[in-house]
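K.L.:
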Amino acid sequence: SQQGEEDPQALSIQEGENATMNCSYKTSINNLQWYRQNSGRGLVHLILIRSNEREKHSGRLRVTLDTSKKSSSLLITASRAADTASYFCATPDLIQGAQKLVFGQGTRLTINP
Amino acid sequence: EAGVVQSPRYKIIEKKQPVAFWCNPISGHNTLYWYRQNLGQGPELLIRYENEEAVDDSQLPKDRFSAERLKGVDSTLKIQPAELGDSAVYLCASSLGLGGASEQFFGPGTRLTVL
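As given, the protein sequences belong to chains A and R, one line each in that order. So the first sequence is residues 1023 to 1135, counted in the working numbering. So the second sequence is residues 6 to 120, counted in the working numbering.
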């Protein structure tokens, strides 16, 4: 079963604009992770935010977590063509085992030059 | 530091044929994962190893899929016989700590096409 759901499924913006992707999940979590996948490549870890954190930054990335709404957002500022990729949120399955990460379906981001 | 290595990168086979995928995790990573990713979907865990022990294989179709991790390092995932619905990208990942609480490092994947 999939825990996280990303929204929107696809997003197309102009280079230089900001991109915001959202993730909603169903059950309690102790952390939430965001991954990026370029076409034909494996996934790359971007950032991990713990359940007691509300916001976290890494370079041009800003992640927020609202545990009361069971949602997270990923903001990419000043987007570049190289940011074109699919972005996935992932949460631990605390019911079946905290070691299991459950991924959403992803947001496909396209940055137009 | 080398990343997670997988081979082959691409495989095309006819249905009912066997196929095997190989993964070499990052040195020192005790936990190894095999995922399957269908087109337009996120990865789904097939099996997780802690050293050489399979500790979570609940999503592995055991009638046709098998996996092993000899000596707690390299791992092989096998499908025999393959079916049309097995067409997907098979991803291997490894982590230093518990996968749900730490970063997972993914290989480039093997894209399997079953004809």
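Beta carbons are placed, not taken as given, at the ideal position from N, Cα and C, and that holds for glycine. Computed from a predicted model, the values in this text were never measured in an experiment.
Quick check on the burial criterion: 16 or more other C-beta atoms within 10 angstroms. Buried or exposed for residue 1023 of chain A?
P.N.:
Only weak support is given to the placement of residue 1023 of chain A: the predicted model assigns it a pLDDT of 45, under 50, and the question is left unresolved by the model.
K.L.:
When burial is assigned at 16 or more other CB atoms within 10 Å of the CB, is residue 20 of chain R buried or exposed?
P.N.:
Answer is exposed; the Cβ neighbour count stays below 16.
K.L.:
From the beta carbon of residue 1063 of chain A, is the nearest beta carbon of chain R less than 8 angstroms away?
P.N.:
Answer yes: the Cβ-Cβ gap between residue 1063 of chain A and chain R drops below 8 angstroms somewhere.
K.L.:
Using a Cβ cut-off of 8 angstroms (strictly closer), state whether residue 1114 of chain A contacts chain R.
P.N.:
Yes, because at least one Cβ of chain R sits closer than 8 angstroms to the Cβ of residue 1114 of chain A.
K.L.:
Ordered along the chain, which non-local residues of its own chain (more than five positions away) have a Cβ less than 7 angstroms from that of residue 1082 of chain A?
P.N.:
Closer than 7 angstroms at the Cβ level, and outside the excluded window around residue 1082 of chain A, lie 1098, 1099 and 1100.
K.L.:
DSSP three-state call for residue 44 of chain R: helix, strand or coil?
P.N.:
Coil, per DSSP.
K.L.:
Let me know if residue 24 of chain R comes out buried or exposed under the rule of 16 or more other beta-carbons within 10 Å of its beta-carbon.
P.N.:
It is buried - the Cβ of residue 24 of chain R has at least 16 other Cβ atoms within 10 Å.
K.L.:
Mind listing which residues of the segment 1067-1078 of chain A have their C-beta closer than 7 angstroms to chain R's C-betas, in chain order?
P.N.:
For the segment 1067-1078 of chain A, which is checked against every Cβ of chain R, the residues closer than 7 angstroms are 1067 and 1070.
K.L.:
Sort R:22, R:35, R:45 and R:16 by Cα distance to residue 9 of chain R and report the nearest one.
P.N.:
Looking at the Cα atoms, R:35 is the closest of the given residues.
K.L.:
Under 6 angstroms Cβ to Cβ from residue 1108 of chain A, same chain only, skipping five residues before and after it: list those, please.
P.N.:
Cβ neighbours of residue 1108 of chain A beyond the five flanking positions: 1059, 1128 and 1130.
K.L.:
Against chain A, with Cβ distances strictly below 8 angstroms, would residue 65 of chain R count as a contact?
P.N.:
Not an interface residue.
K.L.:
Given a cut-off of 8 angstroms on the beta-carbon distance, is the pair residue 1073 of chain A and residue 1086 of chain A in contact?
P.N.:
Not in contact: residue 1073 of chain A and residue 1086 of chain A (Cβ atoms no closer than 8 angstroms).
K.L.:
Which residues in chain R sit within 9 angstroms of residue 1052 of chain A, going by Cβ to Cβ distance?
P.N.:
Going along chain R in sequence order, the residues near residue 1052 of chain A (Cβ under 9 angstroms) are 105 and 106.
K.L.:
Does the structure place the segment 26-44 of chain R close enough to the segment 1038-1049 of chain A that three or more beta carbon pairs sit under 8 angstroms?
P.N.:
Because the criterion of three Cβ pairs below 8 angstroms is not met, the segment 1038-1049 of chain A and the segment 26-44 of chain R do not touch.
K.L.:
Distance, Cα to Cα, residue 49 of chain R vs residue 1104 of chain A?
P.N.:
One C-alpha to the other measures close to 26 angstroms.
K.L.:
What's the C-alpha gap between residue 99 of chain R and residue 12 of chain R?
P.N.:
Roughly 15 angstroms separates the two Cα atoms.
K.L.:
Is there a C-beta anywhere in chain A that falls below 8 angstroms from the one on residue 53 of chain R?
P.N.:
With 8 angstroms as the cut-off, residue 53 of chain R counts as an interface residue toward chain A.
K.L.:
Leaving out the 5 sequence neighbours to the left and right, which residues in its chain are closer than 8 angstroms to residue 18 of chain R when beta-carbon positions are compared?
P.N.:
24, 87, 117, 118, 119 and 120, listed in sequence order.
K.L.:
Which same chain residues, not among the five before or five after residue 1133 of chain A, have their C-beta less than 6 angstroms away from its C-beta?
P.N.:
1037, 1101, 1103, 1105 and 1106, listed in sequence order.
K.L.:
What beta strand (DSSP E) runs, 3 residues minimum, are completely inside the segment 73-104 of chain R?
P.N.:
Complete beta strand (DSSP E) runs here, min 3: 80-84 and 93-100.
K.L.:
In the DSSP output, what is residue 15 of chain R paired with across the bridge?
P.N.:
DSSP output for residue 15 of chain R lists R:116 as bridge partner(s).
K.L.:
Name the chain A residues whose beta carbon is nearer than 7 angstroms to that of residue 46 of chain R?
P.N.:
Here the neighbours are 1127.
K.L.:
For chain A, is any of its Cβ atoms less than 8 angstroms away from the one on residue 90 of chain R?
P.N.:
Output row for residue 90 of chain R: interface = no.
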